[in-house]
Amino acid sequence: MNQEVTIIGGGLAGCEAAYQIAKQGIKVKLYEMKPTKFSEAHSNENLAEIVCSNSFKSNLHTNACGLLKEELRLLDSLLIKCADETSVPAGQALAVDREEFAKLVTKKIKENPNIEIINQEYTGEGLCIGNSEERIVNGEKYENIMIVATGPLTSDTLAKNISRLTGEDRLYFYDAAAPIVSKESIDMNIAFYRKPL
Amino acid sequence: MPFTGNRYDQERGKEEEIEDWEKRLGSQEASYINLPMNKEEYETFYKELVSAEVVTLHEFEKREIFEGCMPIEIMAKRGEDTLRFGPLKPVGFTDPRTTRRPYAVVQLRQDDVNGTIYNLVGFQTNLKYGEQKRVFSHIPGLANAEFVKYGVMHRNTYINSSELLDNTYCLKKNPNIYFAGQITGVEGYVESISSGMVVGLNVVNKLQGKEKIEFPKNTMIGALANYIATPNEKFQPMNANFGILPELGERIKDKKVKYGKLADRAIEALNAIK
Ligand SMILES: Cc1cc2nc3c(=O)[nH]c(=O)nc-3n(C[C@H](O)[C@H](O)[C@H](O)COP(=O)(O)OP(=O)(O)OC[C@H]3O[C@@H](n4cnc5c(N)ncnc54)[C@H](O)[C@@H]3O)c2cc1C
Ligand SMILES: Cc1cc2nc3c(=O)[nH]c(=O)nc-3n(C[C@H](O)[C@H](O)[C@H](O)COP(=O)(O)OP(=O)(O)OC[C@H]3O[C@@H](n4cnc5c(N)ncnc54)[C@H](O)[C@@H]3O)c2cc1C
Chain G
1 MNQEVTIIGG GLAGCEAAYQ IAKQGIKVKL YEMKPTKFSE AHSNENLAEI VCSNSFKSNL
61 HTNACGLLKE ELRLLDSLLI KCADETSVPA GQALAVDREE FAKLVTKKIK ENPNIEIINQ
121 EYTGEGLCIG NSEERIVNGE KYENIMIVAT GPLTSDTLAK NISRLTGEDR LYFYDAAAPI
181 VSKESIDMNI AFYRKPL
Chain A
1001 MPFTGNRYDQ ERGKEEEIED WEKRLGSQEA SYINLPMNKE EYETFYKELV SAEVVTLHEF
1061 EKREIFEGCM PIEIMAKRGE DTLRFGPLKP VGFTDPRTTR RPYAVVQLRQ DDVNGTIYNL
1121 VGFQTNLKYG EQKRVFSHIP GLANAEFVKY GVMHRNTYIN SSELLDNTYC LKKNPNIYFA
1181 GQITGVEGYV ESISSGMVVG LNVVNKLQGK EKIEFPKNTM IGALANYIAT PNEKFQPMNA
1241 NFGILPELGE RIKDKKVKYG KLADRAIEAL NAIK
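Protein sequence lines correspond, in order, to chains G and A. So for the first sequence, our numbering puts the first residue at 1; every next one is plus one. So for the second sequence, our numbering puts the first residue at 1001; every next one is plus one.
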């Protein structure tokens, strides 16, 4: 079977997925709308642009995000490897030189022979539920797999088409979240826990 | 200080015997934890809340952000009692400690299936992270609260994964479409990378005709994938935190020791499937 995967969005998630797939000899088409179009927070031509803080948080084993990074290293994550290689001193945290980090990821993706970068906005008109298309090209069957990794600032047209795909009320544009605390840190003064009076 | 149970079922009925009421409360599910405030506690909290420092939003965020949902500090500024008639309304509650209606009540709602993390109902906020910790610690019962996630209000496009995706970030309705990154409701740089990893590995397996890879729930990468794929009426983005891992079989007081054990267990589980 002739295989090809389309990835939309060359950010952190899209680049990691592209690398993992290409590594197994599978062809990847990676759509990235920059530099033809930028979101309100992106400003740089590189893939895997870090838009805000340059910290990937703690590296400690006893920190949840530190553990996640440790797991990702075990799984041969390209992005965490690039972060490690471009890190700047930040105590227990993994902070990166954001410019160097994005440049390195871009280089690794660009030089991968299985990945083709297409600098174009994908608008998603063709997105649909139902049977996936299988294309026959030169007698070979293509199975079209698509990964949408367009991030928190997904372009408007694509967002509209995603909400068409998923159902209008299942796509959110704003996050207005209340804080969350762990139960064990709440002072459950025993006398009143489930035992009135 | 806190007591559990839903706002609508807490109050003692006029005819109800104390014993019956007690029994009824005792049998209520623990999906809400209620933190009663007296007048003095409320006033202290209120003063801190209205004078706390807030985050300056990006221009593009300001345009639409408050349309559907008002930050608690803005609501509070409308008047000293506004919160007591809104999200902190004490009506329907009887404080088991005093058997009287509290002056105000903060409700915490269970946020994960394990019941290890709770969100502060109605507390969406733009306070700076440090300020959230400082101000919300004035709420009785939260003096030493550990915030696994701070409140935020910002532009963020994400789908309702809890309904739409399976635990490999694959669209249930179309197995050839996957989502990865912040758009799935994972929150943060490393979390976005971790979802890209899960998707990448699964797409490879799918194309090679192999089984899908469901990471164990006791790994952080697996816990996140499972969190976002678990049905949840109030689905909200989530970052990596120990609260989403299944608990250890033993009770360990020291947090560092506990987290160390959870982390060891995760790495072991991951090595076992590699
Ligand atoms: C302003 C802001 C600040 C943040 N700060 C932090 C922080 O400090 N720490 C943290 O951990 N997380 C932060 N986040 C959250 C999140 O971790 C990052 O946004 C992260 O980059 C998400 O990774 P991603 O791969 O999902 O998306 P992104 O890294 O944003 O990648 C998506 C890519 O898709 C492209 N794209 C979008 N639409 C299309 C389209 N239709 N066609 C083709 N390409 C498209 C974009 O140009 C972009 O390159 C922040 C988010 C924002 C918006
Ligand atoms: C879509 C999005 C997703 C993000 N995801 C993450 C994440 O997963 N992990 C992470 O560490 N950071 C994330 N950030 C960035 C985060 O908001 C902070 O910028 C960062 O954590 C540094 O915080 P601070 O306490 O040093 O800064 P502060 O001095 O507290 O604030 C500086 C900046 O923090 C941001 N900020 C802080 N509190 C809030 C809030 N309640 N609502 C909105 N913005 C706030 C604002 O961008 C502000 O300009 C995200 C930002 C956005 C826009």
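In this text, a Cβ means the ideal position worked out from N, Cα and C, and glycines have one as well.
For a contact defined as C-beta to C-beta under 7 angstroms, what are the partners of His61 (chain G) on chain A? Counted from its first residue, the first sequence places residue 61 (chain G) at position 61. Contact of His61 (chain G) with chain A by beta-carbon distance below 7 angstroms involves Gly1260 and Ala1263.
Handout entry: Rounded straight-line distance, which links the Cα of Gly1092 (chain A) to that of Gly151 (chain G)
Key = Residue 151 (chain G) sits at position 151 when you count from the first residue of the first sequence. Residue 1092 (chain A) sits at position 92 when you count from the first residue of the second sequence. Whole-angstrom Cα-Cα distance: 42 angstroms.
**Request:** Quick one: residues in its chain with C-beta nearer than 6 angstroms to the C-beta of Ser39 (chain G), no 5 flanking neighbours on either side, listed in chain order?
**Result:** Your numbering for residue 39 (chain G) matches position 39 in the first sequence. These residues qualify, in order along the chain: Leu153.
* Could you name the residues of the same chain whose beta carbon sits closer than 8 angstroms to that of Lys1173 (chain A), not counting the 5 residues immediately before and after it, in chain order? => Position 173 of the second sequence, counted from the first residue, corresponds to residue 1173 (chain A). So the qualifying residues of the chain are Leu1164.
C-alpha gap between Leu1142 (chain A) and Phe1136 (chain A), whole angstroms
Start at 1 with the first residue of the second sequence, and residue 1142 (chain A) comes out as number 142. Start at 1 with the first residue of the second sequence, and residue 1136 (chain A) comes out as number 136. Approximately 7 angstroms between the Cα atoms of the pair.
Just to confirm the assignment, what range does the beta strand (DSSP E) spanning Glu116 (chain G) have? What you label residue 116 (chain G) is simply residue 116 of the first sequence in a count that begins at 1. Looking at the DSSP string, the run of the beta strand (DSSP E) that includes Glu116 (chain G) is Ile115 to Ile118.
By the 7 angstroms beta-carbon criterion, what residues does the stretch 1072-1089 of chain A contribute toward chain G?
Per Cβ criterion, the list is empty.
Item checked: Contact test: Arg1078 (chain A) Cβ vs ligand 1 heavy atom, cutoff 8 angstroms -> Here residue 1078 (chain A) refers to the residue found at position 78 when the second sequence is read from its first residue. Proximity of the beta carbon of Arg1078 (chain A) to ligand 1 is not indicated: no heavy atom of the ligand is located closer than 8 angstroms.
Exercise. Residues of chain A with CB under 8 angstroms from Phe101 (chain G), in chain order?
Worked result: As a position in the first sequence, residue 101 (chain G) is number 101, starting the count at 1. Residues of chain A whose Cβ lies closer than 8 angstroms to the Cβ of Phe101 (chain G) do not exist, since the nearest Cβ in that chain is about 10 angstroms away.
Contact test: Ser53 (chain G) Cβ vs ligand 1 heavy atom, cutoff 8 angstroms = One-based indexing of the first sequence puts residue 53 (chain G) at position 53. Checking every heavy atom of ligand 1 against the Cβ of Ser53 (chain G), one is found closer than 8 angstroms.
Check your understanding: Listing by chain order, which chain A residues have their CB less than 9 angstroms from the CB of Pro89 (chain G)?
Key -> Mapped onto the first sequence, residue 89 (chain G) falls at position 89. Neighbours of Pro89 (chain G) in chain A, taken as residues whose beta carbon is under 9 angstroms from its own, are absent, since the nearest beta carbon is some 19 angstroms off.
Quiz item: Can we count Ala18 (chain G) as close to ligand 4, meaning its CB is less than 8 angstroms from some heavy atom?
Solution: The model on display carries ligand 1 and ligand 2 but not ligand 4.
If contact is defined by three or more beta carbon pairs under 8 angstroms, each pair taking one atom from either stretch, is the stretch 1121-1135 of chain A in contact with the stretch 1044-1052 of chain A? As far as the Cβ criterion goes, the stretch 1044-1052 of chain A touches the stretch 1121-1135 of chain A, which means the pair count is three or higher.
Handout entry: Environment of Val1106 (chain A) [buried if 16+ CB atoms lie within 10 Å]
Key = Numbered from its first residue, the second sequence carries residue 1106 (chain A) at position 106. It is buried - the Cβ of Val1106 (chain A) has at least 16 other Cβ atoms within 10 Å.
*What's the gap between the Cα of Asn1271 (chain A) and the Cα of Asn1114 (chain A)?*
Here residue 1271 (chain A) corresponds to residue number 271 of the second sequence, with the count starting at 1. Here residue 1114 (chain A) corresponds to residue number 114 of the second sequence, with the count starting at 1. One Cα belongs to Asn1271 (chain A), the other to Asn1114 (chain A), and the distance between them is close to 25 angstroms.
- prompt: So which residues of chain G does Asn1218 (chain A) contact, with C-beta pairs closer than 7 angstroms?
  reply: Your numbering for residue 1218 (chain A) matches position 218 in the second sequence. Ordered by position in chain G, no residue passes the 7 angstroms Cβ test against Asn1218 (chain A), which lies about 11 angstroms from the chain.
Using CA atoms only, rank isn't needed, just tell me which of G:Ile162, G:Tyr19 and G:Ile7 is closest to Glu32 (chain G). Stepping through the first sequence from its first residue, residue 32 (chain G) is reached at position 32. Taking only the C-alpha atoms, the option nearest Glu32 (chain G) is G:Ile7.
Show which residues of chain G have a CB atom less than 8 angstroms away from the CB atom of Val1055 (chain A). Start at 1 with the first residue of the second sequence, and residue 1055 (chain A) comes out as number 55. Listed along chain G, no residue sits closer than 8 angstroms to Val1055 (chain A) by beta-carbon distance, the nearest being about 12 angstroms off.
Q: Would you check whether ligand 1 has a heavy atom nearer than 8 angstroms to the C-beta of Glu125 (chain G)?
A: Start at 1 with the first residue of the first sequence, and residue 125 (chain G) comes out as number 125. Not so, every heavy atom of ligand 1 lies at least 8 angstroms from the Cβ.
Requested in this report: Grab the span of the beta strand (DSSP E) containing Asp175 (chain G) for me, first residue to last.
Outcome: Taking the first residue of the first sequence as position 1, residue 175 (chain G) is located at position 175. Residues Leu171 to Ala177.
### Message
Using 8 angstroms for Cβ pairs, my map puts Ile1159 (chain A) next to Arg170 (chain G). What's the rounded Cβ distance?
### Response
Here residue 1159 (chain A) is taken as the residue at index 159 of the second sequence, counted from 1. Here residue 170 (chain G) is taken as the residue at index 170 of the first sequence, counted from 1. That pair is a contact at about 6 angstroms.
Requested in this report: Starting from Val1113 (chain A), trace the beta strand (DSSP E) both ways and give me its first and last residue.
Outcome: Counting from 1 along the second sequence, the entry for residue 1113 (chain A) is found at position 113. Following the DSSP letters along the chain, one finds Val1113 (chain A) in no beta strand (DSSP E), marked with neither H nor E.
(message) Does the stretch 50-58 of chain G come into contact with the stretch 183-190 of chain G, if we say contact requires no fewer than three beta-carbon pairs (one atom in each stretch) closer than 8 angstroms?
(response) With the cut-off at 8 angstroms, the stretch 50-58 of chain G and the stretch 183-190 of chain G do not touch.
(message) Taking the straight line between their C-alpha atoms, what separation do you get for Thr166 (chain G) and Leu1171 (chain A)?
(response) On the first sequence, position 166 is the one that residue 166 (chain G) refers to. On the second sequence, position 171 is the one that residue 1171 (chain A) refers to. Using only the alpha carbons, I get a separation of about 9 angstroms.
With a CB to CB cut of under 6 angstroms and the five nearest residues on each side skipped, what residues in its chain are close to Pro113 (chain G)?
Position 113 of the first sequence, counted from the first residue, corresponds to residue 113 (chain G). Contacts found: none.
Item to complete: Less than 8 angstroms between the CB atoms is what I'm expecting for Lys37 (chain G) and Glu125 (chain G), so what's the real figure, rounded?
Response: Taking the first residue of the first sequence as position 1, residue 37 (chain G) is located at position 37. Taking the first residue of the first sequence as position 1, residue 125 (chain G) is located at position 125. The C-beta distance from Lys37 (chain G) to Glu125 (chain G) rounds to 16 angstroms, too long to fall under 8 angstroms, and the pair is not in contact.
Discussion item. Strictly under 9 angstroms for the Cβ-Cβ distance: is Ala1272 (chain A) near chain G by that measure?
Written reply: Translated into positions along the second sequence, residue 1272 (chain A) becomes position 272. Contact with chain G is absent for Ala1272 (chain A), since none of that chain's Cβ atoms lies less than 9 angstroms from the residue's Cβ.
- Query: Does the beta carbon of Ile186 (chain G) come closer than 9 angstroms to any beta carbon on chain A?
  - Reply: Here residue 186 (chain G) is taken as the residue at index 186 of the first sequence, counted from 1. Yes, Ile186 (chain G) counts as interfacial toward chain A.
Quiz item: Is Thr166 (chain G) near ligand 1, in the sense that its beta carbon is under 8 angstroms from a heavy atom of that ligand?
Solution: Start at 1 with the first residue of the first sequence, and residue 166 (chain G) comes out as number 166. Distances from the CB of Thr166 (chain G) to the heavy atoms of ligand 1 are all 8 angstroms or more.
Ligand 1 heavy atom lying under 8 angstroms from the CB of Ile8 (chain G): Mapped onto the first sequence, residue 8 (chain G) falls at position 8. Using a cutoff of 8 angstroms, the CB of Ile8 (chain G) counts as near ligand 1, since one of the ligand's heavy atoms is closer than that.
What residues of chain G sit near Phe1147 (chain A), judged by a beta carbon separation below 9 angstroms?
As a first step, residue 1147 (chain A) must be located in the second sequence, where it is residue number 147. Going along chain G in sequence order, the residues near Phe1147 (chain A) (Cβ under 9 angstroms) are Pro179, Ile180, Val181, Ser182 and Ser185.
**Asked** Got a sec? Which residues, its chain only, sit under 6 angstroms from Lys1258 (chain A) by beta carbon, not counting five neighbours each side?
**Response** Residue mapping note: residue 1258 (chain A) aligns to position 258 of the second sequence, counting from 1. Only Ile1252 meet the Cβ criterion.
query: If you measure from the CB of Arg1155 (chain A), is any heavy atom of ligand 1 nearer than 8 angstroms?
result: By 1-based counting over the second sequence, the position of residue 1155 (chain A) is 155. Remark: the shortest separation between the CB of Arg1155 (chain A) and any heavy atom of ligand 1 falls under 8 angstroms.
- Item | Assigned secondary structure, Glu1131 (chain A) (DSSP; H/G/I helix, E/B strand, else coil) | On the second sequence, position 131 is the one that residue 1131 (chain A) refers to. Assignment of Glu1131 (chain A) by DSSP, reduced to helix, strand and coil, places it in the helix class.
Would you call Leu197 (chain G) buried or exposed, if buried means 16 or more other Cβ atoms sit within 10 Å of its Cβ?
Residue 197 (chain G) sits at position 197 when you count from the first residue of the first sequence. Low confidence applies to Leu197 (chain G): its pLDDT is 25, below 50, so where it sits in the model is not reliable enough to give any reading.
query: Is Ala149 (chain G) near ligand 1, judged by its Cβ being under 8 angstroms from some heavy atom?
result: For the purposes of this step, residue 149 (chain G) is taken as the residue at position 149 of the first sequence. Relative to ligand 1, the beta carbon of Ala149 (chain G) is positioned inside 8 angstroms of a heavy atom.
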